[in-house]
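Protein chains in written order, with full-length UniProt numbering: chain A, 1 to 392; chain B, 1 to 497. Virtual Cβ for every residue (Gly too), placed ideally from N, Cα, C. One structure below.
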Ligand SMILES: Cc1cc2nc3c(=O)[nH]c(=O)nc-3n(C[C@H](O)[C@H](O)[C@H](O)COP(=O)(O)OP(=O)(O)OC[C@H]3O[C@@H](n4cnc5c(N)ncnc54)[C@H](O)[C@@H]3O)c2cc1C
Ligand SMILES: Cc1cc2nc3c(=O)[nH]c(=O)nc-3n(C[C@H](O)[C@H](O)[C@H](O)COP(=O)(O)OP(=O)(O)OC[C@H]3O[C@@H](n4cnc5c(N)ncnc54)[C@H](O)[C@@H]3O)c2cc1C
């Protein structure tokens with residue numbers, strides 16, 4: 001039987017039962033991504049779908065609290081009505097991983113520290129989570145943080161749970177900083193520069209004072225894309241200034257107006273450039289100036305690259321490669337380790353994910369500390385056992 | 001709030017000479033300060049009411065030295081207190097009589113500036129403002145700008161997750177650092193993050209930020225650099241009352257505008273500032289709101305007009321808009337001098353630091369005033385109005401009998417009030433020793449135990465900066481114990497820590 005807790009006490013009871021019965025739990029928001037992460041041993045599923053609803057929204061205070069199982073789309077719709085947003089742009093994985101569109105829960109969004117192209121300017125989920133309530137793997141109800149913008153009372157456990165994939169605690173309630181939506185947006189497209197020069201142009205723009213909020217390069221179409229957001233008058237002016245700044249490169253410039261601009265970045269956010277077709281998918285975070293070096297090294301080493309795209313001015317690389325027993329983890333991680341950064345296997349079949357580290361391996365001392373942090377929340381490894389690491 | 005620190009261990013005190021000698025094997029002898037007069041310089045931080053003479057002061061210069069000191073401390077079972085510039089207002093760097101004070105001042109180099117990736121690698125003892133000074137020639141700056149920025153260090157900023165007037169729009173320290181090198185108790189050197197975004201596995205970089213020197217010693221910081229906005233303009237908006245000023249602040253944000261700075265001062269502070277160093281604030285105002293709008297000139301002009309309109313609608317007595325950089329700085333001069341100015345109207349002050357939901361501002365100020373009157377003290381208010389971070393300055397006279405105690409009592413009452421209306425005990429200065437015993441106002445025993453378990457993962461013997469942040473120290477073994485059901489422990493074969 002799948003426990004479907006309706007409140008925090010139910011969640012605590014479910015975890016205590018699981019502890020007593022020695023049954024590991026897998027936490028599901030909407031369960032759309034059940035087959036992902038490390039391929040772990042089967043576990044009883046704890047569904048949070050019934051723990052839903054926005055419990056506090058004060059637009060003037062820029063704050064919103066929702067139960068962890070609240071559908072993201074419900075929150076986005078509510079914010080839309082007040083011209084506000086979750087500025088970190090949580091991605092929708094349906095294109096990449098299959099499943100229905102718009103099917104994430106807010107707890108899942110926090111658990112994977114989701115973010116989109118605006119990450120470089122606005123931050124990731126971790127930067128917007130003001131506080132939370134949860135039940136730890138010890139079966140204890142714990143709260144941390146608060147609902148105000150500035151808070152340094154005690155350790156910032158929000159940072160720890162963001163991106164912990166449910167391995168530390170089951171979130172029951174999350175409080176976010178929300179932000180006004182920009183009045184409008186435009187995207188400047190520069191075509192024909194080629195990968196290396198295109199990426200250099202992005203870095204130049206990101207070091208300019210024109211407040212470019214997203215910068216991507218799509219090799220399929222050989223275009224560099226630069227997003228500008230804000231009041232109309234400012235967006236237009238900054239676009240013109242950028243065109244002037246980058247004119248010496250000799251690229252053909254074109255502008256996407258608001259609606260096409262939004263659609264463009266949403267496709268990129270959701271991994272569309274690498275989603276279609278066979279193969280394994282990786283997501284790599286590194287210093288922006290290393291993005292191209294990384295891809296070049298892989299090419300030189302003969303990796304069977306099928307598609308790739310650069311976001312975050314070159315600091316985020318999405319890759320699709322032909323399938324292989326180790327999903328090319330060895331080749332990819334050797335380069336990433338030399339440059340600094342981390343590589344996550346996002347899509348691969350179960351057999352591969354059972355043998356290859358999905359998350360980037362850590363040096364021994366860091367891995368040991370990570371394990372001690374896990375044990376501090378979930379000493380018996382009852383939550384999401386094996387999802388992030390083979391040893392917990 | 002009678003403050004008790006862990007009692008010094010006689011066994012350690014009696015081995016002082018040995019500890020000094022062992023430190024001198026690691027560091028050049030001159031970098032180990034054992035002489036009492038020289039140690040006095042370190043006996044307190046900016047929360048000067050609490051003092052303790054450190055056992056010995058160690059001033060390492062390299063990561064290897066820090067690592068060796070930590071390993072030595074582990075071997076000899078000695079405590080360590082890290083210290084940057086000692087500007088902490090919560091007693092975070094208060095020494096221990098049986099502990100080594102680890103002064104990080106010699107870590108003062110900027111190791112690398114990387115404009116392409118918009119970041120810089122700096123040592124923890126580098127002053128906050130020195131980072132901006134090193135990169136401004138190329139149009140960049142480091143955004144978090146605590147008022148103490150000429151003095152405080154980036155290591156201390158990480159320790160306290162420091163913020164400043166820019167953080168409403170640009171975030172706190174935690175949103176502006178990319179990487180850390182840390183040394184754990186025991187001497188292991190770890191790197192967290194780097195020049196890339198977001199960590200894999202747990203975000204220990206985020207956890208370290210604001211951990212008040214309790215988890216590890218920071219030996220290197222990679223900070224994000226931002227481009228200076230093309231222009232910035234200030235608005236000086238006097239209002240007849242704090243309530244009207246607070247309404248204006250709310251209305252600006254409700255309109256979807258996030259200013260680069262949004263600060264407020266009450267009448268007591270305005271008076272103090274004007275008699276300290278006149279900068280033209282209207283003395284008849286009940287409150288002054290200062291708004292800074294930054295970005296491209298076209299955008300700023302547009303927003304200035306919108307904000308002026310909002311201010312008039314909310315009853316501003318006048319609206320002054322800066323017409324030059326000099327004028328913008330003049331608007332800020334009073335705000336930046338508020339703390340020293342207030343110290344001229346009363347011999348001593350205690351600076352509190354709570355955050356509240358912004359719309360509770362008028363209510364909280366009224367109740368704060370009532371509390372102050374009841375104990376016969378005065379309070380001057382300056383606040384980061386945009387994010388509800390209050391800095392009530394409680395004026396008292398340390399030479400008067402009982403004044404310190406009354407000031408502390410009032411401070412505690414004010415912080416309790418902040419929590420009661422949905423706020424928190426500290427917005428940027430940290431818990432330290434000052435608010436340690438109030439942690440129970442915000443967290444229950446279970447919440448605090450979970451935080452201390454995190455501490456145990458880093459420092460199981462509680463030897464790094466103990467006595468700060470947590471009202472009671474629990475042994476890690478006791479915190480590690482599991483809830484046993486029906487007399488049996490689940491998963492008996494799994495190792496426990
Ligand atoms: C390996 C992997 C990598 C991913 N990488 C990214 C990424 O980099 N960026 C991105 O935007 N999205 C990423 N996702 C997608 C992410 O899962 C979805 O975007 C969505 O947020 C999940 O919502 P859901 O409700 O369907 O969660 P589910 O698919 O049900 O769960 C996803 C994860 O979140 C945890 N979880 C769910 N609810 C809670 C809760 N209340 N408390 C604690 N933990 C909870 C689960 O244990 C699980 O580990 C990734 C997913 C996986 C599996
Ligand atoms: C006049 C004045 C104005 C101020 N204004 C502001 C303000 O606007 N905003 C704000 O946020 N703060 C403000 N502060 C408080 C203070 O300046 C900050 O908290 C600052 O970050 C402390 O830095 P520091 O180098 O002086 O650190 P210290 O006071 O030396 O130490 C602070 C804490 O960090 C730890 N620490 C220091 N270095 C390290 C290291 N290398 N590794 C590990 N831990 C370390 C210490 O153990 C301690 O817990 C102000 C202080 C004063 C006196």
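Minimum Cβ-Cβ distance from residue i to chain A less than 9 angstroms
i	result
residue 498(B)	Residue coverage of chain B in this structure runs from 1 to 497, which leaves residue 498(B) outside it and unanswerable.
residue 155(B)	no
residue 110(B)	no
residue 468(B)	no
residue 402(B)	no
residue 70(B)	no
residue 494(B)	Confidence at residue 494(B) is low in this model, with a pLDDT of 48, below 50, so the placement of that residue is unreliable and no value is reported for it.
residue 168(B)	yes
residue 477(B)	no
residue 487(B)	Its pLDDT being 45, under 50, residue 487(B) is placed unreliably by the model, and the measurement read from it follows with that caveat. Chain A, which has no Cβ nearer than 9 angstroms to the Cβ of residue 487(B), makes this no.
residue 220(B)	no
is_contact[residue i, chain B] using C-beta, thresh 9 angstroms
i	result
residue 151(A)	yes
residue 289(A)	yes
residue 341(A)	yes
residue 396(A)	In the structure as shown, chain A begins at 1 and stops at 392. Residue 396(A) is therefore absent and cannot be evaluated.
residue 54(A)	no
residue 147(A)	yes
residue 168(A)	yes
residue 142(A)	yes
Partners in chain B for residue i, counting only beta-carbon separations shorter than 8 angstroms
i	result
residue 213(A)	Chain B residues near residue 213(A): none, gap ~12 angstroms exceeds 8 angstroms.
residue 385(A)	Chain B residues near residue 385(A): none, gap ~10 angstroms exceeds 8 angstroms.
residue 136(A)	450
residue 370(A)	201, 202 and 204
residue 159(A)	174, 203, 205, 206, 207 and 209
Member of the options whose CA lies at the smallest distance from the CA of residue i
i	options	result
residue 90(A)	68(A), 245(A) and 110(A)	110(A)
residue 351(A)	367(A), 342(A), 324(A) and 341(A)	324(A)
residue 239(B)	476(B), 319(B), 328(B) and 152(B)	319(B)
residue 264(A)	231(A), 155(A), 218(A) and 84(A)	218(A)
residue 257(B)	249(B), 450(B) and 324(B)	249(B)
residue 153(A)	111(B), 173(B) and 210(B)	210(B)
residue 191(A)	199(A), 184(A) and 185(A)	199(A)
residue 326(B)	233(B), 376(B) and 227(B)	233(B)
Closer than 8 angstroms: residue i CB and nearest ligand 2 heavy atom
i	result
residue 261(B)	no
residue 152(B)	yes
residue 470(B)	no
residue 146(B)	yes
residue 45(B)	yes
residue 89(B)	yes
residue 28(B)	no
residue 219(B)	yes
residue 5(B)	no
residue 517(B)	Residue numbering for chain B in the displayed model covers 1 to 497; residue 517(B) lies beyond these limits and cannot be assessed.
residue 31(B)	no
Contact set between residue i and chain A, taken where Cβ atoms lie within less than 7 angstroms
i	result
residue 456(B)	376
residue 117(B)	287, 288 and 289
residue 453(B)	376
Supposed close pair residue i, residue j - CB separation, criterion 8 angstroms
i	j	result
residue 193(B)	residue 222(B)	7 angstroms
residue 230(B)	residue 209(A)	5 angstroms
residue 108(A)	residue 196(B)	About 23 angstroms separates the two Cβ atoms, so there is no contact after all.
residue 30(A)	residue 92(A)	So it is not a contact: roughly 12 angstroms between Cβ atoms.
residue 259(B)	residue 291(B)	5 angstroms
Partners in chain B for residue i, counting only beta-carbon separations shorter than 9 angstroms
i	result
residue 365(A)	184, 188, 189 and 190
Contacts that residue i makes with chain B (C-beta to C-beta distance below 7 angstroms)
i	result
residue 359(A)	200 and 201
residue 337(A)	The contacting residues do not exist; residue 337(A) stays about 11 angstroms from chain B at best.
Interface partners of residue i on chain A, CB under 9 angstroms
i	result
residue 228(B)	209
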